[in-house]
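Scroll down for the structure; my scribbles are underneath it.
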Amino acid sequence: MPGQIQPRTSKDLKDKEEENDPPAKADSKKKAKKGIHQSLLLTPSLPTNPELDVFWWVCGGARCFESVLAGGKRGVGPAAVDGPGPDLEELLDREIESESKPAKKKGRLGNETVSSGVEAVGTPPSSEQKLLLTSQALKNHLNLMMKTPEDSKTCVTTPPAPVRHKRCSQEMLASPPDPPVVLKTINHMLNIMTGNDLAAFAVPEESVLKPGVDLRTAKITPVEVGDDEGVQHKAFHYAFERLHVRGLAESNFDHGAWKSGDRLEAKRDSFEVYLSTKGSDYFEEFAELVAHDRNEAFDPDHHPAECMSEWMSSKALRNRGLYVKTKAWFGFHAALRDLIADWTIQLEALRALNQRVENDQCEDLHVERDRDREEEEFDGDVERQEPRTKSELYAIFGKNGPTAMVLGFMEDRKLQSIARIFVEITSPLEMSYYETLEALSKGWNEQSRWVSTRASGSWYQVVSGILGVLETSVFQDRLHFTKPLKPVALEEGVPEWAQGEMELLELAFDFAECLAENVLWSNARYWWSIPELLATLLHSERGVRKAGMQQMKTIVEAVLAAEAHQSRQKEWAEVLADLGWQKQQLPREAMALLLQCEFALSDVKLRKLSSRLFVGSPSTKDTLENCFAFLHRKAATHSTNAKMSDACKYTYAIISPYSESGGAPQVLPSAQDFTTKPTLQSASEIYESKWRSSGVQAQQRSAAAAAYLVADAANNFSHVDDCWIGSLFVPGKVYFNASLDVCTLCLGNRKWTTAGFPLNQSETDQEFLILEKEVRDIPAQTLVWMMNWKVFESDWVFLPVRLLVRGLLPEPILNLGTCFAFHIMDPGGQPLLESAVRSGCWISLANLQSLFAALGLNKPTRGSGKRLANGSKSILKVDWARMLVQHLFPGEEDEAEIKRMIAGITHRSTKNLSDDETKILDMVSELDEENRNCPEFKKIAKLAKQQSTEKTETKARAQVFAEIREEEEARKKEEEEEKQRIEEERQKERAKIEKAALEASERERAKPSAAASSGSGTRKPSTTPKALKDFLTQAMQDDGITLNREPGSYGYRATYSRSAPGLQKNFQRKWGTSANPREEDALLTVLGFIYARWNADHKSRVNLLLGLCGELLFSVMLGIT
């Protein structure tokens, strides 16, 4: 309308629409803008309809379309900027051609030629062309969207624009002022939301389903579904009607995402059918178990069927387990309580569901079973083995399914008892946590009361409460412990019915002692440290303030004396380093104020300091968590890559508004702080500098060091090197001090001292000990600090005790109101060292050597370590430990017990790990992507891979060494066989020579005596025996070497018939001379010449027969002569 004010913003345009639209129409618009579920038929093809340009403008949603038309915000999304947009009349009326003359126009975009009007319909452009819309088509479709036809419910009403002037249509599309940016943004938005651009939503002309087309023969391409809730109904309805895009817009704003209820209904139906088959006796027992699980009184007159509706609606049927948030304090306890309360209902429901699954009646669960395989694996005569490793557990899980696995867990009632132990024993700690939150939420007065009671030892109540749970009848009722009906003779041993209960009680005691020990040592620093003790000055009672001041005076005097003490002992430097806080500025200022006011309670400065320290923000949420959240938010909006310089991070952390709002004073930086460049220490200076250790154990050692300094100050700290003896106190054991007349339960040692919980000896029965129930005005003073600096002749002795359930306690003990007691087995006690070694106490190597010196033992001579160069093995700590155990317990014959004590001293585990690294790698590889990338599983997989690699390398090295040993053994075997063969040949040669000599001797004896030489000149018979040539090898004989004997002339002669020119042909020696007094000497000389010359000529090995010459020569000579 002329003269009507144009809406300039999206809000004005929205108000305008609401004025023109009826209420029902406006309501439909509001619903359409909530969330939608789109099912789009996407066909990747180029747009062929020029009407697609309107979809470019509209598909970004009503907000984008209204912004462009009204000129409110330019662009879409969070980057849109407020300001006046282009005038609609100017946008529509720039150089519009006459509607009656559709003609072809040439544009400037890439020199394309695009037809306007209806000629462009159905003529798809080539791949090189770009879609260019004429101003006539743009005007037509914008007018269509701006008008309000009667059958339209989603269009925008805008007054018609007057025509002003005409220009080239291509100029508007080639160089538009601002709106084309919107087209690009919408295309980008659609690509992000659906994964496809605008071209993918167009349908080819031949696939458009127009009225009159036979739908029975129409070809429908496969559907690709996209669920994107950011696109509005208006854009999709326009696309469906005008652009022929296949799609469906379905709203789902009236409900959120929900899971299928098939398992819930199947479980509920199975449970109902299962219960319908049971009789009245079953329901009575079932109702009694449910009442016991919920700690309710069982009414036998109450009809169990009336509880059916409650059981069917129990949340135990909705879940097999409960999700526990890791960040929630005591969330696990709440989950366990719900599980315990519905344990029986859960168990029976799982039995019903598992029975239905086994009968193949529950088709909704899609259970696939292989009965033949299960019958082969689990024969009826073979007992099933319980899973011992994770791989076996997952194997059962994968075969039987989650229902059967959870059912197996629920059928084990011992797990329910363990869950009860966990919940009941931790209840005092949980109640303390909630009481602390309530106290801190009531204001600073209540906060100052709480912090002052904590400094004076309110945490002792938690320690006492944790141990006191064991004494309550409620705790033992929930564990189904037998009630005492008649006295039991303990001299005959523990009855069989009580053995299981005592094992469960020992498990509960171990957990209670460990929890109480950690609670005690975690809070001990509030009683043994400054400035933590200053909080006692805020207490309302003068007695507490006075006790706190006296404790501070004792600590300050001991610390000052320790600083003045001069010692070069290593332990002395360690105790001062563990104390730690005395070197910091604030504690020293607090000690200075205490000394200056002479420990006066009324000093104003001390009270102000205490108030400033302990009255303020009760948690770190305002000063840490919120500050880092503020920094993270600033970093996310600071730059596109979420990065920030260090100086900027420091600035934002300093100016965080949450610290000041939380009550913490805030110091803002000045201009000088930004211009000052700090001088940082070098890496070597930081590395070499020492400061107080941080962490829980450091704080616990600090409290123990302060307790030692106070206890040993009167002795001038002379026992600093004997503090290790306190480690002989074993946590959870009972000790008695004769000089102090006190019995204590050891609650752990922290290097310098040991803490103990006081026990009382029953007045009616001296054989039993019960927990101390009386608490002093200052609870921290109730504890016993067990100082012991002697191994032998110590005032402390070990009392062996055993835990008794209420069914074994005598009546006088039960009359004291306790259901738990320690029964003393040896009233005389046992020495400290023997009891510590038997209990598996760890002792360092230096302390072992000190014990050997005190006991008069020599160091071990035989070790079990690596072999040294001298052939002996190195001596390890295990050798010292074994020798100590053998000395203390010479009659111990159980090798397993000896190994257990040695393992305790050396801190070694006696268990053999059976997990296979390959199975661990296989299990991790079967995890999903998210869990496979979890740091914990990555660490396990890395460790398993490393151990597998090491095992492979070790196996390879062992195999190589085995092959080397086999080769060495084979070589030695061959050498032995060669030696044996040579020895056999020598024996044969020796026998042959002896035989030849014997035959020659016999022949000589058989010959007649030789007659004297006659004048006839007859030849004398030869005096060379035939066996003499056997001294020569066959090669020598073949070479023409002969050996002759003539006693009357030359003796023994060696002749070389084939001697080389220039060499000696004969060599002879007679016996009876000074060089050869005997005949055998002459023979050996000749033979030595023969063999020496032979070896020189042939360079061969000396014949082995030469070694036999000396042995056989005498016998041969006897045969010759």
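Under this note's numbering, the very last position in the sequence shown is 1184; numbers go up by exactly one each time.
Built from N, CA and C at the ideal position, the CB exists for glycine as well.
Note that the structure is a prediction, hence the values are computed from the model and not measured.
Task: Same chain, Cβ closer than 7 Å to Arg675, five either side skipped, listed in chain order - done: none
- [ ] From the DSSP output, read off the bridge partner residues of Leu822.
- [x] Cys806 and Leu834
Task: Exposed unless 16 or more other CB atoms sit within 10 angstroms - verdict on Ser757 - done: exposed
TODO: Kindly give me the distance between the Cβ atoms of Arg1116 and Pro1088, rounded to whole angstroms, as I take these residues to be in contact under 8 Å.
DONE: Between Pro1088 and Arg1116 the Cβ distance is about 14 Å, and since that is not below 8 Å, they are no contact.
Open item on the list: Excluding the 5 residues flanking Arg541 on each side, which residues of the same chain have their C-beta closer than 6 Å to its C-beta?
Closed with: Arg483
- [ ] Can you have a look at Gly1103 and say buried or exposed, based on whether 16 or more other CB atoms are within 10 angstroms of its CB?
- [x] exposed
Open item on the list: Does the contact criterion of 3 or more C-beta pairs under 8 Å hold for the stretch 730-738 versus the stretch 546-559?
Closed with: no
TODO: Could you work out which residue in Glu1040, Asp356 and Val797 is closest to Ala899 when comparing CA atoms only?
DONE: Val797
TODO: Answer yes or no: do Ala624 and Leu772 have a C-beta to C-beta separation smaller than 9 Å?
DONE: yes
Open item on the list: Between Ser527, Trp406, Lys836 and Ile938, which has its C-alpha nearest Asp475's C-alpha?
Closed with: Trp406
TODO: Report the option in Leu939, Ala415 and Phe780 whose CA atom is closest to the CA atom of Lys929.
DONE: Leu939
Open item on the list: Rounding to the nearest angstrom, what Cα-Cα distance links Lys1018 and Lys1005 in this structure?
Closed with: 20 Å
Open item on the list: In whole angstroms, give me the CA-to-CA distance for Arg1141 and Ile1153.
Closed with: 19 Å
Task: Local conformation of Arg764 per DSSP, three classes - done: helix
TODO: Confirm, please, whether the CB-CB distance from Leu642 to Ala769 is below 9 Å.
DONE: yes
Open item on the list: Let me confirm a value: Ala884 is counted as buried when at least 16 other C-beta atoms fall within 10 Å, else exposed. Which label applies?
Closed with: buried
Open item on the list: Taking the alpha helix (DSSP H) that Met494 belongs to, which residues open and close that run?
Closed with: Arg476 to Leu503
Task: Cα-Cα separation, Glu748 to Glu637 - done: 21 Å
- [ ] Would you tell me roughly how many angstroms separate the C-alpha atoms of Arg963 and His970, rounded to the nearest one?
- [x] 10 Å
Task: Three-state secondary structure assigned by DSSP to His396 - done: helix
- [ ] Please say whether Gly520 and Pro821 have beta carbons closer to each other than 9 Å?
- [x] no
- [ ] Measure the Cβ-Cβ separation of Asp840 and Val607 and say whether it is below 9 Å.
- [x] yes
Open item on the list: Looking only at its chain, what residues have a beta carbon closer than 7 Å to the beta carbon of Leu931, apart from the 5 residues adjacent to it on each side?
Closed with: Ser937
Open item on the list: If the criterion is Cβ atoms closer than 9 Å, does the pair Leu570 and Ile529 meet it?
Closed with: no
Open item on the list: My output table needs one value for Ala884: the three-state DSSP class, helix, strand or coil.
Closed with: strand
Task: Nearest candidate by alpha-carbon position, reference Thr599, set Trp644, Gln648, Ser665 and Asn581 - done: Ser665
Open item on the list: Excluding the 5 residues flanking Phe662 on each side, which residues of the same chain have their C-beta closer than 6 Å to its C-beta?
Closed with: Met612 and Lys616
Open item on the list: With a threshold of 8 Å on Cβ separation, who are the neighbours of Trp848 within its own chain once the five nearest residues in sequence on each side are excluded?
Closed with: Ala770, Ala774, Thr816, Thr817, Ala818 and Gly819
- [ ] Would you tell me roughly how many angstroms separate the C-alpha atoms of Ser1137 and Thr1105, rounded to the nearest one?
- [x] 26 Å
Task: Rounded C-alpha distance that separates Glu1026 from Glu1016 - done: 15 Å
Task: Sequence-distant residues of the same chain with beta carbon closer than 6 Å to Tyr1113, five excluded per side - done: Gln1131
TODO: Return the residue from the list Gly926, Thr466 and Asn259 that minimises the CA-CA distance to Leu413.
DONE: Thr466
Open item on the list: Once the 5 residues before and after Trp859 are set aside, which same chain residues still bring their CB inside 8 Å of it?
Closed with: Phe792, Tyr798, Phe799, Asn800, Met849, Asn851 and Leu895
TODO: Let me know the secondary structure DSSP gives Leu1106 once reduced to three states.
DONE: strand
TODO: Compare the beta carbon distance of Ala404 and Asp356 with 9 Å and say whether it is the shorter of the two.
DONE: yes
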